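Residue numbers (our numbering), protein chains in the order written: chain S, 1 to 236; chain P, 1001 to 1236. Where is the CB? At the ideal position from N, CA and C, for every residue including glycine. A quick note: this is a predicted structure, and the numbers were derived from the prediction, not measured.
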DNA sequence: GGTCACTGGTAATCACGATTTTCACAAAAT
DNA sequence: ATTTTGTGAAAATCGTGATTACCAGTGACC
């Protein structure tokens, strides 16, 4: 069964083909678009026969899922590694690091955010589930760092779950915008904005306005004017 | 040519069919998913023949684009209307209003955020362009309000463009999460988080940390590990 | 009441792309 | 040197769903 061919073990050849298919998939999905990419095109670009394709993947979506996972895993690995190095640093430095490494990793290649935040959206329930899992992981990560900051007294002690989710969304939005722009936006600005937003979101006081809490949920759409807002002291 | 049927003018009948097709599209796209919805299914649910379908729309995507536009337009109309009512209010109240109305409008029906932020993503270049246009509009809106706040002295005077984009992303993320959750997250919490994040992002000082500016773009990814790197080389 | 215009529904048609199968070959093994 | 086995390329199959063409019915107008 297993027989060395052309000097390389069959597993190796297999792995190579798989790798080439993934590379081809990344390229085509992010240029032609996932929907409009045909399996045969992926095979052609990868120099792999359709038969071999089905040896490695069950479908086009399978390739997409794999890529999506890989990109997220790569980013997470980088972030984790870097965070370990600054284990003793103060909380805010850690948060900045987390962010910088994330942005740096994912902007190395515009195809990564494109695949992650555009092509892999709304494709199938499975992919949506996978997305959820990753949002969760990233949100946990951020929430954990925020709590750490709270312990150190530089942020209020509160539940950071939703804030973290919103921050993940903010990053997604920025990166989606970044990869879509033709004269690409400067990466530094994206990173700076993301960092500033995260820090201000985490360090913000529990009540931003004193009216906070009276409004909130309800704010009916019809309800007319509500100017006035008497007696509010402005936060600094 | 034009003849009244069943007591209604042909244009009316036409408009009705169109409307039913849109309703059916909204329902199916957000349950079955856009990709897996067949034109015939939309027609069946709308009680419209395929022939009539092609009389109104050129493709399934056409329906999606129309819905995407409608939802955004609806939200924008509500927001604009409400904002007009509080024209004289202080800047922060206006911002809160903007947000509350937006959230209230779009959470009336979970299918709206689902369609807008999941199903309509990565479908085609046209739809991506349309998405860009709307992000732009919303971002301008937010940036304008932020500038207003700056004029009133409750926020620093600076360029709010990227902040606004990030905020749009935050909202998108929150709403995407909201519509995905089975025991749905309480709308008030989503709204509260969004508002708090927006206010803290707008009111934040220009430099959050003193180290700000030394870090930023660079944050090297540590030349060491880059195993997975799913992006080999550029296309020909 | 009869004819005509327009309608909705159904039944072909048609194209495209995924999946399978075949084929001829190349490199190992004996 | 011959057989064997894994291989890649190409061709055949197969299904699905978009698009078009047809048919029978209904209400409107004379």
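Contiguous alpha helix (DSSP H) elements confined to the region 102-162 of chain S occur at 111-114 and 125-151, taking only those with 4 or more residues.
Residue 1025/P carries a helical assignment under DSSP once its states are collapsed to helix, strand and coil. Annotation for residue 1040/P: the continuous alpha helix (DSSP H) segment containing it runs 1039-1046. Taking the beta carbon of residue 142/S as reference, no residue of chain P falls within 7 Å; the closest one sits roughly 12 Å away. One thing to note: residue 115/S has its Cβ within 8 Å of the Cβ of residue 30/S. Non-local beta-carbon contacts of residue 1047/P in its own chain, meaning distances under 7 Å to residues more than five positions away in sequence, involve 1020 in chain order. Judged by DSSP secondary structure, residue 1195/P falls within the alpha helix (DSSP H) whose first and last residues are 1187-1203.
Boundaries of the alpha helix (DSSP H) harbouring residue 65/S: 60-85, taken from the DSSP string. Using a C-beta cut-off of 8 Å, the region 1023-1041 of chain P makes no contact with the region 1083-1099 of chain P, since fewer than three inter-stretch Cβ pairs fall below that distance. Listed by position along chain P, the residues whose Cβ is nearer than 8 Å to that of residue 172/S are 1169, 1172 and 1173.
In this model, residue 191/S and residue 1015/P are separated by some 48 Å (Cα to Cα).
Annotation for residue 78/S: 101 and 105 place their beta carbon closer than 6 Å to its own, counting only its chain and skipping 5 residues before and after. For the region 138-166 of chain S, the set of positions with a beta-carbon nearer than 7 Å to some beta-carbon of chain P reads 162, 163, 165 and 166 in chain order. Neighbours of residue 132/S across chain P, judged by C-beta separation under 7 Å: 1180. Closest by C-alpha distance to residue 1080/P, out of 1107/P, 1140/P and 1113/P, is 1140/P. In terms of Cβ geometry, residue 52/S and residue 134/S do not form a close pair [threshold 8 Å]. Taking 8 Å as the cut-off, the Cβ atoms of residue 40/S and residue 1169/P do not count as close.
Straight across, the Cα-Cα distance linking residue 68/S with residue 60/S is about 13 Å. Under the Cβ criterion of 8 Å, residue 204/S is counted among the residues facing chain P. Between residue 1161/P and residue 200/S, the gap from beta carbon to beta carbon reaches 8 Å or more. Sixteen is the threshold: when 16 or more other Cβ atoms of the shown chains lie within 10 Å of the Cβ of residue 82/S, as they do, the residue is buried. The beta carbon of residue 155/S sits closer than 7 Å to the beta carbons of 146, 149, 202 and 203 from its chain, once the five residues preceding and following it are set aside; these are given in chain order. By the neighbour-count criterion, in which a residue is buried when 16 or more other Cβ atoms sit within 10 angstroms of its Cβ, residue 1075/P is buried. Residues of chain S with a Cβ closer than 7 Å to the Cβ of residue 1119/P are, in chain order, 122.
For residue 1112/P, same chain residues with a beta-carbon under 6 Å away, outside a window of 5 residues either side, are 1071 and 1106 in chain order. In the DSSP assignment, residue 51/S falls within the alpha helix (DSSP H) that extends over 50-56. DSSP, reduced to helix, strand and coil, places residue 1035/P outside both helices and strands of the structure shown, so it counts as coil. Excluding sequence positions up to five before and after residue 1174/P, its CB lies within less than 7 Å of the CB of 1190, 1193 and 1194, all in the same chain and listed in chain order. Using a Cβ distance threshold of 8 Å, residue 1132/P and residue 180/S count as a contacting pair. In this structure, 1018/P is the residue among 1035/P, 1065/P, 1066/P and 1018/P with its C-alpha nearest to the C-alpha of residue 1050/P. Close to chain S, meaning a Cβ-Cβ distance shorter than 7 Å, is no residue of the region 1039-1069 of chain P at all.
With a contact defined as Cβ atoms closer than 8 Å, residue 1197/P and residue 163/S qualify at about 7 Å.
Residue burial is scored here from C-beta neighbours: residue 25/S has at least 16 other C-beta atoms within 10 angstroms and is therefore classed as buried.
For residue 90/S, the secondary structure class from DSSP, reduced to helix, strand or coil, is coil. Burial is judged here by how many other beta carbons sit within 10 angstroms of a residue's own beta carbon; residue 1122/P has at least 16 and is buried.
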